[in-house]
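FYI, the numbering for the sequence shown is 16 to 185, going by my numbering. Notes for the one structure printed next.
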Amino acid sequence: MHDHSYMKSFSIIHRFSIMFHVKALKKFKIAGHQMGYVTRICQEPGTSQEDLASFFGLNKGSVAKGVRSLVQGGYVRRVQNEQDRRAYQLYPTEKAKELFSAAKGIMDTFDDILTKNMTDQEKKLFQDLLTKACDNVMEAAGDARHELERPGPPPGGPCHGTGGGAVRGE
């Protein structure tokens with residue numbers, strides 16, 4: 016029999032993380048899931064919607080809808096790709112850069128809360144174990160997506176501190 020305390024702990028951390036971030040980012044009037052797009056676009060200016068869909072393992076329609084909202088909100092500029100006129104490159108506006116900077120500070124604060132009373136060695140071990148767990152879940156999700164003929168995120172994606180959810184991974 017499995018002890019399901021992992022899921023309880025993940026659930027509590029996830030819920031409080033969302034509450035913390037929603038409160039801290041309230042002035043920006045942005046949905047939490049859009050923060051990942053803003054982060055990625057700030058880290059990789061000129062990325063495309065297709066790159067975002069691939070990176071996050073989402074369908075293109077969902078990403079297009081999220082990006083459209085970010086464009087309307089003044090966070091992202093879409094520029095037509097000169098080599099492929101059907102494609103667009105995405106660039107952060109000053110408003111997005113301000114949000115990204117604020118989010119980095121918020122993430123630092125939440126990370127400090129999360130790892131309070133941990134030694135540096137424990138923090139490293141915690142990060143390594145979370146990365147392994149994330150890789151395992153993403154691999155399983157990729158297998159399921161493959162069966163459904165949907166793309167999964169590429170290796171080195173969101174689990175490795177360079178993705179949307181990992182604001183600090185610059």
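Just so you know, even glycine gets a beta-carbon here, dropped at the ideal spot from N, CA and C. Just so we're clear, the structure is a prediction, and the values are computed from it rather than from any experiment.
Same chain, Cβ closer than 6 Å to residue i, neighbours up to 5 away in sequence not counted
i	result
Gly-81	Gln-49, Tyr-52
Phe-35	Phe-125
Ser-192	Outside the modelled stretch of the chain, which goes from 16 to 185, sits residue 192, for which no answer is possible.
Phe-43	Leu-114
Other residues of its chain near residue i: CB distance less than 8 Å, five sequence neighbours each side excluded
i	result
Lys-139	none
Ser-63	Asn-96, Ala-102, Tyr-103, Gln-104, Leu-105
Lys-75	Gln-64, Glu-65, Ala-68
Val-37	Gly-47
Ala-79	Gln-64
Ser-84	Ala-46, Gln-49
Residue range of the unbroken beta strand (DSSP E) whose run includes residue i
i	result
Gln-95	91-95
Gln-98	Run containing Gln-98: none; DSSP gives neither H nor E here.
Pro-60	From DSSP, Pro-60 is part of no beta strand (DSSP E); its letter is neither H nor E.
Residue j beta carbon less than 8 Å from that of residue i
i	j	result
Cys-57	Ala-117	no
Arg-55	Phe-70	yes
Phe-226	Thr-134	As shown, the chain starts at 16 and ends at 185. That puts residue 226 outside it, with no answer to give.
Leu-114	Ile-27	no
Pro-107	Val-91	yes
Terminal residues of the alpha helix (DSSP H) in which residue i lies
i	result
Leu-67	64-71
Met-133	From DSSP, Met-133 is part of no alpha helix (DSSP H); its letter is neither H nor E.
Ile-27	20-40
Ala-46	Here Ala-46 belongs to no alpha helix (DSSP H), and DSSP marks it neither H nor E.
Gly-120	109-129
Gly-81	75-87
Cβ-heavy atom distance, residue i to the ligand ATP, below 7 Å
i	result
Asn-74	Among the components modelled here there is no ligand, and therefore nothing to report on the ligand ATP.
Same chain, Cβ closer than 7 Å to residue i, neighbours up to 5 away in sequence not counted
i	result
Gly-89	Thr-108, Lys-110
Glu-154	none
Ile-33	Gly-47
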